[in-house]
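Here's the structure, in structure tokens; my notes come after.
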Amino acid sequence: MRLVNTKSIKIETRLGQTIYNDNGQTLLQKGIKLSERMINRLINQGITYVYIEEQETSDIQVESTISEELRLEATNTIKEAFHDMKKNGFMEQSHILNKNGRKLSDIVHRIMEEIQGNENSLSLLSDIFVTDNYIFQHSLNVTIYSLAIGLELNLTERQLTEIGTGAMLHDIGKIFIDQEILQKPDKLTDEEFEVIQSHTELGFNFLRKHIDIPSVIAHCAYQHHERLDGTGYPRGIKGDDIHMYAKLIGVADVFDAVTSNRVYRDALLPHEGLEILYAGAVSLFEKDMVTAFKNSVAVYPEGLTVELSDKRVGVVTRQNKYLCDRPFIRIIEEKDQRIQSPYEVDLASVVNVTITNCIS
1 MRLVNTKSIK IETRLGQTIY NDNGQTLLQK GIKLSERMIN RLINQGITYV YIEEQETSDI
61 QVESTISEEL RLEATNTIKE AFHDMKKNGF MEQSHILNKN GRKLSDIVHR IMEEIQGNEN
121 SLSLLSDIFV TDNYIFQHSL NVTIYSLAIG LELNLTERQL TEIGTGAMLH DIGKIFIDQE
181 ILQKPDKLTD EEFEVIQSHT ELGFNFLRKH IDIPSVIAHC AYQHHERLDG TGYPRGIKGD
241 DIHMYAKLIG VADVFDAVTS NRVYRDALLP HEGLEILYAG AVSLFEKDMV TAFKNSVAVY
301 PEGLTVELSD KRVGVVTRQN KYLCDRPFIR IIEEKDQRIQ SPYEVDLASV VNVTITNCIS
């Protein structure tokens, strides 16, 4: 399979990965020949990248970070929990949060188990869902990324459980915001942006009223947009005044936000998302957390076409577990010419060659 930009897909190309809606129903089946109408539908849904089938890369297989069954169950659990909480608003009904808290904790533990049991680096590019409500998929993705960072930092099981639950609920305040503003495809006005920013305080005030929710989880909702240099919101606090969990979730939140499919902008590729994080390392984000994330994620995912510093072109075939930015590359082009016998290069052992460009 090869990863390509949807705007570059040719008619009759076969789809490499099944695309689902957020209820787990199949929208486009793997192997189907894409018509012009289907391609336009993908573009209009804001889907920037998909995997396609082709003979040259037929042996490259991409595995999901977590199973489709767990992803669907987790998404539905988050959706039900959010709807339940929105229905009951700010009324103090501890049994509601307690019930949902147990379900969310169970999902967190199962995600941890699957991440620990998966030897591959994290890549959510193959998990393509068309959704009308971004918040549920985003909450799950941020949970997966946050747990991966926490595992890389060797945090305790208790810390991981709290971080995972905090990540799932970090955007809970958005359920109290008008969906028209949240889903607005155009540039937000200053007033609308202030409304969006209020989700941190709304989430904090909602969660802290309930005795069954630990205060650290409420602070994940409150502080995940704070930044080390004080330029974040809602309070503009700095450095050690920001809870460690919120700093960690903030890293995962930014990465997923910029690499996710949205109708109003193209998704960035993982290496571009990491560049944003590294640009803010030290001033905005804890550098050790950014580094831990880099060590966990597939910087250049399988199936991506790349150009090397010596001008050779190839396709990423597999990862080097502890050198996620130096994968194995199948060389398919040299000196601007297709070669008859592609061969593989391990960038971990060829230190004088680097990836300089991605061709999507």
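The UniProt record's numbering puts the sequence shown at residues 1 to 360. Every residue gets a Cβ at the ideal spot worked out from N, C-alpha and C, and that includes glycine.
Pairwise C-alpha distance: Leu42 and Glu152: Between the alpha carbons of Glu152 and Leu42 lies a distance of about 35 Å.
Whole-angstrom distance between Glu272 and Asn357, CA atom to CA atom: Answer to the nearest angstrom: the Cα atoms are 11 Å apart.
Residues bridged to Asn23 [DSSP beta-bridge criterion]: Looking at the DSSP assignment, Asn23 forms no beta bridge with any residue, so it has no partner.
Beta-bridge partners of Glu53, as assigned by DSSP: In the DSSP secondary-structure assignment, Glu53 is bridged to Arg14.
Which of helix, strand or coil DSSP assigns to Ile237: Looking at Ile237 - three-state DSSP - the assignment turns out to be coil, as it is neither helix nor strand.
Ordered list of beta strand (DSSP E) runs contained in the region 150-183, each at least 3 residues: Counting only runs of 3 or more, we get nothing.
Local Cβ density within 10 Å of Tyr343, reported as buried at 16 or more and exposed below that: Counting Cβ neighbours within 10 Å, Tyr343 comes out exposed, since fewer than 16 surround it.
As assigned by DSSP and simplified to three states, the class of Val142: Judged by DSSP in its simplified three-state form, Val142 adopts helix.
Classification of Ser58 by the beta-carbon crowding that lies within 10 angstroms, buried from 16 upward: Exposed, since its Cβ has fewer than 16 Cβ neighbours within 10 Å.
Assigned exposure category for Gln337 - 16 Cβ within 10 Å defines buried: Under the 10 Å beta carbon count, Gln337 is surrounded by fewer than 16 other beta carbons and is classified as exposed.
Ile11 classed as buried or exposed, judged by whether at least 16 other C-beta atoms fall within 10 angstroms: With fewer than 16 other Cβ atoms within 10 Å, it is exposed.
When Lys86, Glu69, Thr161 are compared against Leu104, the one with the closest alpha-carbon: Out of Lys86, Glu69, Thr161, Thr161 has the C-alpha closest to the C-alpha of Leu104.
Cβ-based burial, Tyr245 [other Cβ within 10 Å; buried from 16]: Classification of Tyr245: buried, given that the 10 Å Cβ count is 16 or more.
C-alpha distance - Gly16 paired with Val282, whole-angstrom precision: One C-alpha to the other measures close to 39 Å.
Euclidean distance between Cα positions of Asp240 and Asn88: Asp240 and Asn88: Cα-Cα distance of roughly 34 Å.
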